[in-house]
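Each remark here refers to the structure printed beneath this line.
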Amino acid sequence: MANTKDRSGSSTSAAFSGDVQINGILNKIPAALALDDAPVMLPEVEAPSLEGLTAELTPRPLTQDDLLDRLTELVREHAQRRERAQTETVALGDEVLLDTLGYAKGRILPFSIQENRWALVNPDPLLPGFFEALVGRQVGLSVDIALTLPLDYPVESLRGASARFLVDVKEARELSLPDAESPAFIASMGKGATLVDVMRQLGEDLANERAEEATREAREHVLDVLVERTQVEVPEPLVDEEIRRRWAEAERPLLQRKDFGPDELQQALEAWQQDPLTRADATRRLKIALVLAAIARRDQIQPQREALESIEGFLTGPARIPREQLQRVLENDPDVQERLSNVLMQLAVIDHVMSKVTLTAAPPRGA
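Just so we're aligned, residue 3 is where the sequence shown starts under this note's numbering, counting upward by one.
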């Protein structure tokens with residue numbers, strides 16, 4: 003990469019420690035925030051009424067394109083993969099293992115720092131020209147990519163800005179896609195004897211996913227209503243600290259492994275803290291956590307054993323954390339124990355709240 007420092011890192015240093023992994027996963031659970039050690043005085047919150055709560059279950063309708071997109075994903079999953087040698091070049095449709103770092107307006111581009119990320123080399127509307135620039139590049143080398151961020155880029159202040167990405171192409175795989183109509187592929191799917199059977203089962207799977215999505219959206223709507231009933235005001239320093247903690251778990255370890263200095267670390271943190279969408283998300287999550295804590299105190303909620311088993315299953319499920327590693331971390335890390343305790347409490351309160359909600363059916367969106 004075009005810098006005097008060694009930004010490449012190494013594959014042996016890529017793995018996060020168990021406690022960081024678990025904290026990162028717990029952070030993805032709605033309202034999984036610990037407020038006990040907040041650095042500023044928390045606002046006093048009066049628990050809102052749970053009377054008259056309603057929410058609509060409105061699953062998104064399935065389209066033919068949805069089914070074809072899912073079939074395309076499954077075809078790719080069942081592709082034969084050949085590791086490209088270091089002397090070969092990347093081709094369109096390859097899978098590549100990347101380390102990336104982006105700059106825009108002379109500063110680190112928020113959320114652009116990624117390590118050991120597998121990606122498909124196909125055009126991406128969010129980063130026009132990024133993956134196209136990898137085609138023909140030699141595996142194992144670094145690429146300096148210049149592009150213009152699109153006008154619908156998520157960070158509003160960077161829309162239309164010139165950006166530069168430093169990319170390490172660490173590995174590449176050539177994919178040989180199976181014929182979706184071949185008997186071998188259909189048999190490998192285990193969803194029926196014909197492609198029609200496969201598509202019918204995919205439709206049922208997607209319908210179930212949409213139903214679960216609608217349930218999550220109904221829950222999020224109820225949480226927003228509770229926040230509105232409470233009129234919670236969150237101090238800005240608390241928002242800054244919440245973002246700092248998330249940045250410290252998600253991005254700081256990568257930057258430290260790549261030998262970034264204190265000034266660069268501070269710059270990367272400030273990029274997160276100054277992003278309006280990140281601030282809005284952190285503020286909402288903090289409000290929800292404060293409201294749920296107030297409800298837990300008023301209604302004397304206690305987590306049930308089933309909630310702990312559910313969380314353990316979530317953390318140790320496919321492609322997550324081995325159960326023995328989870329047990330080891332929980333036995334030796336008080337911070338993770340406290341985080342898990344907070345998650346269990348908040349999930350118990352959410353279950354309590356949702357038991358008071360009247361759910362109504364609505365026509366599918368777009369119907």
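Here a beta-carbon is modelled for each residue, glycine too, at the ideal position from N, C-alpha and C.
Starting from residue i and walking both ways along the alpha helix (DSSP H), at which residues does that stretch end?
{"i": "A209", "result": "L197 to T232"}
{"i": "R86", "result": "From DSSP, R86 is part of no alpha helix (DSSP H); its letter is neither H nor E."}
{"i": "T65", "result": "Neither: T65 is in no alpha helix (DSSP H) and is coded neither H nor E."}
{"i": "L100", "result": "Looking at the DSSP string, L100 is not in any alpha helix (DSSP H); the run it does join, the beta strand (DSSP E), is E97 to A106."}
{"i": "A296", "result": "P278 to D301"}
{"i": "M191", "result": "P185 to M191"}
{"i": "E243", "result": "E238 to A252"}
{"i": "L271", "result": "P264 to Q275"}
Find out if the Cβ-Cβ distance for the pair residue i, residue j is shorter than 9 Å.
{"i": "V169", "j": "P112", "result": "no"}
{"i": "P278", "j": "A350", "result": "no"}
{"i": "A291", "j": "Q329", "result": "no"}
{"i": "G205", "j": "L64", "result": "yes"}
{"i": "L160", "j": "K107", "result": "yes"}
{"i": "D96", "j": "E176", "result": "yes"}
{"i": "E85", "j": "E173", "result": "yes"}
{"i": "V92", "j": "G162", "result": "no"}
{"i": "A220", "j": "R248", "result": "no"}
{"i": "R286", "j": "V227", "result": "no"}
{"i": "E251", "j": "L257", "result": "no"}
{"i": "P61", "j": "A209", "result": "yes"}
{"i": "A182", "j": "L73", "result": "yes"}
{"i": "L52", "j": "T362", "result": "no"}
Determine the extent of the beta strand (DSSP E) in which residue i is found, giving its start and end residues.
{"i": "I147", "result": "S144 to T150"}
{"i": "A174", "result": "S164 to S178"}
{"i": "Q116", "result": "Q116 to L122"}
{"i": "A363", "result": "T360 to A363"}
Is residue i buried or exposed, if buried means 16 or more other CB atoms sit within 10 Å of its CB?
{"i": "A57", "result": "buried"}
{"i": "W120", "result": "exposed"}
{"i": "S15", "result": "Confidence is the limiting factor: at S15 the pLDDT is only 31, short of 50, which leaves the residue's position unreliable, though a coordinate-based value still follows. Exposed, since its Cβ has fewer than 16 Cβ neighbours within 10 Å."}
{"i": "T232", "result": "buried"}
{"i": "R83", "result": "exposed"}
{"i": "V145", "result": "buried"}
{"i": "E214", "result": "exposed"}
{"i": "G104", "result": "buried"}
{"i": "E344", "result": "A quick correction: the sequence has Asn, not Glu, at residue 344. The residue is buried, with at least 16 neighbouring Cβ atoms inside 10 Å."}
{"i": "R325", "result": "exposed"}
{"i": "I352", "result": "buried"}
{"i": "Q275", "result": "buried"}
{"i": "E244", "result": "buried"}
{"i": "L122", "result": "exposed"}
{"i": "L410", "result": "Outside the modelled stretch of the chain, which goes from 3 to 369, sits residue 410, for which no answer is possible."}
{"i": "A34", "result": "Because the pLDDT of A34 is 41, which lies under 50, any placement of that residue in the model is unreliable, and the question is left without a value."}
{"i": "K30", "result": "Any answer about K30 is weak, because its pLDDT of 49 lies below 50 and its placement is not dependable; what the coordinates show is given next. Exposed is the call here."}
{"i": "A216", "result": "buried"}
{"i": "L294", "result": "buried"}
{"i": "L153", "result": "exposed"}
{"i": "T89", "result": "exposed"}
{"i": "S13", "result": "In this prediction, S13 has a pLDDT of 32, which is less than 50 and means its spatial position is unreliable; nothing more can be read from the coordinates."}
{"i": "T196", "result": "exposed"}
{"i": "T102", "result": "buried"}
With a cut-off of 8 Å on the beta carbons, I'd call residue i and residue j a contact; round off their distance for me.
{"i": "K358", "j": "L55", "result": "6 Å"}
{"i": "A49", "j": "R300", "result": "4 Å"}
{"i": "V224", "j": "V355", "result": "6 Å"}
{"i": "G377", "j": "V171", "result": "Look at the range of the chain in this structure, 3 to 369, and you will see that residue 377 is not part of it."}
{"i": "A296", "j": "V47", "result": "4 Å"}
{"i": "L288", "j": "V241", "result": "7 Å"}
{"i": "Q370", "j": "R109", "result": "The structure shown does not extend to residue 370, since the chain spans only 3 to 369, so no value can be given for it."}
{"i": "V200", "j": "M191", "result": "5 Å"}
{"i": "E253", "j": "I115", "result": "5 Å"}
{"i": "L149", "j": "L129", "result": "7 Å"}
Less than 8 Å between the CB of residue i and some heavy atom of the ligand NAD, yes or no?
{"i": "L160", "result": "Ligands displayed in this structure: none; no statement on the ligand NAD is therefore possible."}
Comparing alpha-carbon positions, which option in the options lies nearest residue i?
{"i": "I188", "options": "L225, F132, V77 and K289", "result": "V77"}
{"i": "E117", "options": "D335, P255 and V293", "result": "P255"}
{"i": "A298", "options": "T280, L346, L129 and L149", "result": "L346"}
{"i": "A87", "options": "N124, V98 and G194", "result": "V98"}
{"i": "Q66", "options": "R202, N124 and K193", "result": "R202"}
{"i": "A186", "options": "I303, Y155 and H80", "result": "H80"}
{"i": "R212", "options": "L69, E134 and T196", "result": "L69"}
{"i": "T280", "options": "R246, E134 and I147", "result": "R246"}
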